[in-house]
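Peer 1:
Numbering (the working numbering), first residue to last: 165 to 395.
#1: What three-state label does DSSP hand residue 358 in the structure shown?
#2: Excluding the five sequence neighbours on either side, which residues of its own chain have a C-beta within less than 6 Å of the C-beta of residue 303, listed in chain order?
#3: Let me confirm a value: residue 267 is counted as buried when at least 16 other C-beta atoms fall within 10 Å, else exposed. Which label applies?
#4: With DSSP as the reference, please indicate the residues paired to residue 180 in a beta bridge.
#5: Leaving aside the five residues before and after residue 228 along the sequence, list all residues of the same chain whose C-beta is less than 6 Å from its C-beta, in chain order.
#6: Between the alpha carbons of residue 326 and residue 385, how many angstroms are there, rounded?
#7: Just verifying my parser: in three-state terms, what is the DSSP assignment at residue 324?
#8: Would you tell me roughly how many angstroms separate the C-alpha atoms of residue 282 and residue 392, rounded to the nearest one?
#9: Short check: CB of residue 180 to CB of residue 298, under 8 Å?
#10: With three or more C-beta pairs closer than 8 Å as the rule, is the segment 311-322 touching the segment 246-254?
#11: Answer yes or no: do residue 139 and residue 263 have a C-beta to C-beta separation smaller than 8 Å?
#12: Look at the alpha carbon of residue 242 and the alpha carbon of residue 280, and state the distance between them as a whole number of angstroms.
What follows is the structure, given as structure tokens:
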């Protein structure tokens, strides 16, 4: 795809809002609430989530089922998925003035692919065309809390989800705990450099949503996007 400046330019008047965090952090619940809220106020909103390209998803799914993906192949498949969604949806809609909400963005790759052993610089170069978000929420929760939320709702973990490809443990649940703990470490290392807004994911849903909305309102005001009675 063509080279795209990662900084917002004068031809883009949309806003990119991202949520990040380990599985079980509560980020998806919060971004769906923001989506519903903004739409109810008349905003043009587009929602996208990680690994959801219709073009690439089937290939990725087949590779995961066979459990033969190397860390680099795994990384490249997700990068291709992201590039397809970015060029077809995210970037054009930002140029058109939409508020784009992303459940996971490039930081998911930075965290997961690094834990899988891929070179940090290589990963970041692969996503260097992607625009920086106006707002990135990082939902911070203790590893055990996040892990227990996931395990309590799933009878069995998937091979790559549990990090079984890394040889961390023969027990899938223990492997999952170790894997998620390492991902948390990667997220924490990005908090300052990437200007994450840290949300306490152990608080109640309504409390978290209140904090999130305050930050969203601030960004809307800074970008002259206040409309109706949202303020």
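Glycine included, every Cβ here is placed at the ideal spot set by N, Cα and C.
Peer 2: This is what the structure gives:
#1: Within the chain shown, residue 358 is the residue found at index 194, counting from 1. Of the three classes helix, strand and coil, the one that applies to residue 358 here is coil, per DSSP.
#2: Position 139 of the chain shown, counted from the start, is the residue given in the question as residue 303. Cβ within range, chain order: 185, 189, 190, 191, 363 and 365.
#3: Locating residue 267 in the chain shown gives position 103, where the first residue counts as 1. Classification of residue 267: buried, given that the 10 Å Cβ count is 16 or more.
#4: On the chain shown, position 16 is the one that residue 180 refers to. Bridge partners of residue 180: 264.
#5: If you number the chain shown from 1, residue 228 lands on position 64. Once the five neighbours on either side are set aside, the close Cβ partners of residue 228 are 324.
#6: Looking up residue 326 in the chain shown gives position 162. Looking up residue 385 in the chain shown gives position 221. Their Cα atoms are separated by approximately 41 Å.
#7: Your numbering for residue 324 matches position 160 in the chain shown. Residue 324 falls in the coil class under three-state DSSP.
#8: In the chain shown, residue 282 corresponds to position 118, counting from 1. In the chain shown, residue 392 corresponds to position 228, counting from 1. Residue 282 and residue 392 have their C-alpha atoms roughly 46 Å apart.
#9: Here residue 180 refers to the residue found at position 16 of the chain shown. Here residue 298 refers to the residue found at position 134 of the chain shown. In this structure, residue 298 lies closer than 8 Å to residue 180 by Cβ.
#10: no
#11: It is not possible to answer for residue 139, since the shown part of the chain is limited to 165 through 395.
#12: For this step, residue 242 is matched to residue 78 along the chain shown. For this step, residue 280 is matched to residue 116 along the chain shown. If I take the Cα positions, the gap works out to 13 Å.
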